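Structure record follows, encoded as structure tokens.
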Amino acid sequence: MTTVRLAVDEDTGVAVVTLDRPERLNAIDLEMVRELGEVWRQLRFHDAVRAVVLTGSGGRAFCTGIDRDTVVPQPSSPYMQDDPLLGVGPKANGLWKPVVAAVQGMACGGAFYLLGECEFVVADPTAVFFDPHTAYGMVSAYESVLMAERMPYGEVARMMLMGTAERVSARRAHEVGLVSEVTQEGGALAGAVRCAAVLAGYPPEGVQGTVRALWAAREAARAQAFAQAPHLIALGNLPAGRQAELFAGRRREFRVR
Numbered sequence: 010m011t012t013v014r015l016a017v018d019e020d021t022g023v024a025v026v027t028l029d030r031p032e033r034l035n036a037i038d039l040e041m042v043r044e045l046g047e048v049w050r051q052l053r054f055h056d057a058v059r060a061v062v063l064t065g066s067g068g069r070a071f072c073t074g075i076d077r078d079t080v081v082p083q084p085s086s087p088y089m090q091d092d093p094l095l096g097v098g099p100k101a102n103g104l105w106k107p108v109v110a111a112v113q114g115m116a117c118g119g120a121f122y123l124l125g126e127c128e129f130v131v132a133d134p135t136a137v138f139f140d141p142h143t144a145y146g147m148v149s150a151y152e153s154v155l156m157a158e159r160m161p162y163g164e165v166a167r168m169m170l171m172g173t174a175e176r177v178s179a180r181r182a183h184e185v186g187l188v189s190e191v192t193q194e195g196g197a198l199a200g201a202v203r204c205a206a207v208l209a210g211y212p213p214e215g216v217q218g219t220v221r222a223l224w225a226a227r228e229a230a231r232a233q234a235f236a237q238a239p240h241l242i243a244l245g246n247l248p249a250g251r252q253a254e255l256f257a258g259r260r261r262e263f264r265v266r
């Protein structure tokens with residue numbers, strides 16, 4: 010694999026999945042979509058793995074969403090949209106082993122497809138969270154739905170609507186419940202692995218059943234909200250050329266709160 014690394018410690022039962030495009034801030038291209046799906050499906054059958062940690066390489070970013078250079082062919086019909094990020098998460102691939110995210114640096118935009126399918130998030134103080142969609146003339150639909158399940162309405166609304174003007178610090182993310190633990194700098198991965206090792210030490214049937222129950226509590230509302238997303242995106246997104254203009258002229262100033 011070229012964009013995703015998988016390391017398995019069979020002694021602890023923990024696998025670490027690492028997004029490995031540091032030169033692109035771990036942005037997701039179609040190859041990473043394919044490889045992530047393959048990794049999640051592989052882990053379904055790896056009985057020695059009982060818990061998983063998901064992280065990004067390079068230190069500057071966990072993930073910055075879909076790579077702006079990625080071209081996603083779309084059907085001509087307005088009733089059909091192809092969103093490759095809908096298939097990048099563990100739950101979308103039928104993996105019910107617990108997944109803990111370790112975030113260092115930026116996590117923004119399409120990164121929320123991944124964070125939204127993790128059980129909880131461990132971050133270090135460099136972690137920042139934001140969603141640039143509105144700043145570039147795009148509707149934040151799926152990302153907003155996933156984060157609305159994890160944060161109070163006012164907090165997720167502010168993060169999604171403020172676009173590139175603000176970033177949510179690890180401290181604030183912890184205060185509002187997006188992050189479950191803030192470690193010392195550079196300690197997110199070790200902290201997430203420590204939690205995952207505890208989960209891996211319990212009988213897997215009970216752990217996986219609990220993960221499935223937690224997810225079931227969210228599925229109905231998410232399915233209804235996701236059903237609205239394609240129409241909202243089709244109505245609200247600017248043409249691709251105009252989005253590119255806004256991206257090229259993006260503001261470099263932002264506030265961290």
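Heads up: take any position in the sequence shown, counting from 1, add 9, and you land on this note's numbering. All C-beta atoms, glycine included, are put in the ideal place defined by N, C-alpha and C. In this text the structure is predicted, and so the values were computed from the model without any measurement.
Checklist line | Nearest to I75 (by Cα), restricted to the options L123, R50 and E47 | finding: L123
Notebook entry, point to check: Distance, Cα to Cα, R203 vs G196?
Noted result: 11 Å
Check: Which word fits Y88, buried or exposed, when buried means at least 16 other C-beta atoms lie within 10 angstroms of its C-beta?
Finding: exposed
Notebook entry, point to check: By Cβ distance below 6 Å, which residues in the same chain neighbour E164 in space, the five residues on each side in sequence not counted?
Noted result: V185
Next item on the list: Let me know if P99 comes out buried or exposed under the rule of 16 or more other beta-carbons within 10 Å of its beta-carbon.
Entry: buried
Note to self: Tell me whether the region 103-116 and the region 59-69 touch, counting them as touching only if at least three CB pairs, one residue from each stretch, are closer than 8 Å.
What the structure shows: yes
Notebook entry, point to check: What residue from A238, A209, Q237 and I242 has the CA that sits closest to R24's CA?
Noted result: According to the sequence shown, residue 24 is Ala rather than Arg. Closest option to A24, Cα to Cα, is A209.
Next item on the list: Whole angstroms is fine: what's the gap from T79's alpha carbon to L34's?
Entry: 14 Å
Next item on the list: Please determine, among E152, D133, V131 and A132, the residue with the shortest C-alpha to C-alpha distance to D140.
Entry: E152
Next item on the list: For Q252, collect the residues of the same chain with a Cβ closer than 8 Å to its Cβ; drop the 5 residues on either side in sequence, then sort them by chain order.
Entry: Y145, G146, M147 and N246
Check: Cα-Cα, which of R14, A205, V137 and G103 is closest to R50?
Finding: G103
Margin query: Using CA atoms only, rank isn't needed, just tell me which of G22, F71 and R266 is closest to R59.
Written below: G22
Notebook entry, point to check: Would R69 pass as a contact of M115 if the rule is Cβ separation under 8 Å?
Noted result: yes
Next item on the list: Could you pull out every residue in the same chain whose Cβ sits closer than 7 Å to the Cβ of L45, ignoring the five residues on either side in sequence?
Entry: V13 and V97
Check: Which of the three DSSP states, helix, strand or coil, is assigned to M115?
Finding: strand
Note to self: What would DSSP say about A136, mapped onto helix, strand or coil?
What the structure shows: coil
Notebook entry, point to check: Are A182 and F138 touching if we call contact CB-CB under 8 Å?
Noted result: yes
Next item on the list: Assuming V265 contacts S178 (C-beta within less than 8 Å), just tell me the rounded distance between them.
Entry: 5 Å
Check: Since A157 and L241 are thought to touch, with beta carbons under 8 Å apart, how far apart are those beta carbons, to the nearest angstrom?
Finding: Incorrect: roughly 14 Å between the Cβ atoms, too far for contact.
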